[in-house]
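*Asks:* In this text, residue positions in the sequence shown follow our numbering: the first is 936, and each later residue adds one.
The C-beta atom is built at its ideal place from N, Cα and C for all residues, glycine as well.
Please read all numbers here as calculations on a predicted model, not as lab measurements.
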Amino acid sequence: MYNKNIIQKGIGILLVLLSSGWHVVFADQKPVAAVSSVQSDLAQFQAWLKNNGQNSPAGPPAKPKTITSPPPSGPIIKSKPLSYSQSQQAILNSVPSSYPPSPDAQAAFNAMIQQNMPMTPQQVVRLRQLIDESQRAAAIPPTIPPRPVSSTLMINLAPGATPPAIRLAQGYVSSLVFVDSTGSPWPVASYDIGNPKMTNIQWDGKSNVLLIQASSPYGDSDLVIRLAGLATPVTLGLVLGQRVVDYRTDIHVAGIGPNAKDLPMGTGLPNSANQLLLNVLDGVAPPGSKPLTVSGGDCLAWLLGDKMYLRTRLTVLSPGWIGRMVSPDGMYAYEIQKSSSVLVSQYGEPVEIKIEGF
């Protein structure tokens, strides 16, 4: 029958439930209205214990029965995912209901919402859109962005020569690379600028590269550079607010710097008047020249009179060159006599280049 210990534990649990305001409906009774007092529920429970054999001898505990739910006979209805507003309302509905708030509590709640979240969700979205539009408009330059170029300058240190100009733009960094006639780096010893408020210069104190940036949108100034071992300073003009900005400028100084490794033998060094080689080094064909067809190596060639001008990264071995210029990135510009075959060195091996189209 029933175990006395189990019944006693059940009585204790029911007493706690009944004292908390719960009401009991017994299995052998018909559903009745809830009794208003705890004493009535206790009397009803004691009568049920008497009728169901509380004093009967305890028998062995009944084995729990496993109840298997029958498979669903109808069609399975899959729930649809809730929208954001529906899920928010479901969360609110899941909160246990409590007593209605007092007018003071409701007023404090409304004041906190008004203080911390005064805008509606639509106003928040619109505000962020306006901020994005303002930031996008602020990023648009008021004028057309300058066109970046890389160029090569030949410095003329003779008295009366006009110093070349470096074109700068606010928000853009320009690099000045100083090399000697052999293309080797010529280290900077010191520099001075005419108007320090207009430009900002960065230098590591030992290399041949100066990084210069405009601090104001318009203006002009000058820059004086002293190179290591060179008695004459190099002067450059600075022009701000141009439609073209010099991203990188290779500045060739006539002479042999302290880092020269391969001194040309048997020929004069390029001078400030040799603008043809300077144009060839920048990839610009000499005025009035004729382009030639080159096969057998990476090279560009032009014919001007009885002279050929080559632009290549290869070292010309034969015929002997008349003039040569080297850029810091290893590009060569040669002036040689007209020839249909040129012997060059490629990775230490001699290679013959064929030239046609004379």
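Determine the DSSP secondary structure at Pro1056, reduced to helix, strand or coil.
*Replies:* Three-state result, Pro1056: helix.
*Asks:* Cβ atoms of Arg1246 and Leu1235: under 7 Å apart, would you say?
*Replies:* Going by C-beta atoms, Leu1235 is nearer than 7 Å to Arg1246.
*Asks:* Given this structure, state the Cα-to-Cα distance separating Ile1160 from Gly1231, to the nearest angstrom.
*Replies:* Cα-Cα distance, rounded: 42 Å.
*Asks:* Fully enclosed by the region 1029-1077, which alpha helix (DSSP H) runs are 4 residues long or longer?
*Replies:* As far as the region 1029-1077 is concerned, its whole alpha helix (DSSP H) runs of at least 4 residues are 1038-1051 and 1056-1074.
*Asks:* Quick check on this structure: which residue in Gly1118, Ser1069, Asp1139 and Ala1072 has the alpha carbon closest to the alpha carbon of Arg1248?
*Replies:* Comparing Cα-Cα distances from Arg1248 to each of Gly1118, Ser1069, Asp1139 and Ala1072, the minimum goes to Gly1118.
*Asks:* Can you tell me which of the three DSSP states Tyr1269 falls into?
*Replies:* Tyr1269 falls in the strand class under three-state DSSP.
*Asks:* Helix, strand or coil, according to DSSP, for Ser1280 in the structure here?
*Replies:* Of the three classes helix, strand and coil, the one that applies to Ser1280 here is strand, per DSSP.
*Asks:* Nearest by alpha-carbon distance to Ala1149: which of Ala1124, Gln1177, Leu1092 and Asn1028 is it?
*Replies:* Of the candidates Ala1124, Gln1177, Leu1092 and Asn1028, the one whose C-alpha sits nearest the C-alpha of Ala1149 is Gln1177.
*Asks:* Can you tell me whether DSSP reads Ile1026 as helix, strand or coil?
*Replies:* Of the three classes helix, strand and coil, the one that applies to Ile1026 here is helix, per DSSP.
*Asks:* Give the straight-line distance between the Cα atoms of Arg1061 and Ile1079, rounded to the nearest whole angstrom.
*Replies:* Using only the alpha carbons, I get a separation of about 30 Å.
*Asks:* I'd like the span of the alpha helix (DSSP H) that includes Asn1214, first residue to last.
*Replies:* Gln1210 to Leu1216 is the span of the alpha helix (DSSP H), which, as asked, contains Asn1214.
*Asks:* Any idea if Ser1276 is buried or exposed, counting beta-carbon neighbours within 10 angstroms, 16 or more meaning buried?
*Replies:* Answer is exposed; the Cβ neighbour count stays below 16.
*Asks:* Can you tell me whether Tyr1182 is helix, strand or coil according to DSSP?
*Replies:* Strand.
*Asks:* Taking just the CA atoms, how far does Tyr1153 sit from His1187?
*Replies:* Each residue's alpha carbon lies about 27 Å from the other.
*Asks:* Indicate whether Ser1109 and Ile1147 have their beta-carbon atoms separated by less than 7 Å.
*Replies:* Closer than 7 Å, so yes.
*Asks:* Quick one: grab the DSSP three-state call for Ala1100.
*Replies:* It is a strand residue.
*Asks:* Out of Asn1130, Gln1272, Gln1210 and Lys1141, state which residue places its alpha-carbon closest to the alpha-carbon of Ile1290.
*Replies:* For Ile1290, the nearest C-alpha among the options comes from Gln1272.
*Asks:* Would you identify the three-state DSSP class for Ser1020, choosing helix, strand or coil?
*Replies:* Three-state DSSP puts Ser1020 in a helix.
*Asks:* On a CA-only basis, which of Leu1175, Val1169, Val1174 and Tyr1267 is nearest Ala1093? Give me that one, please.
*Replies:* Out of Leu1175, Val1169, Val1174 and Tyr1267, Val1169 has the C-alpha closest to the C-alpha of Ala1093.
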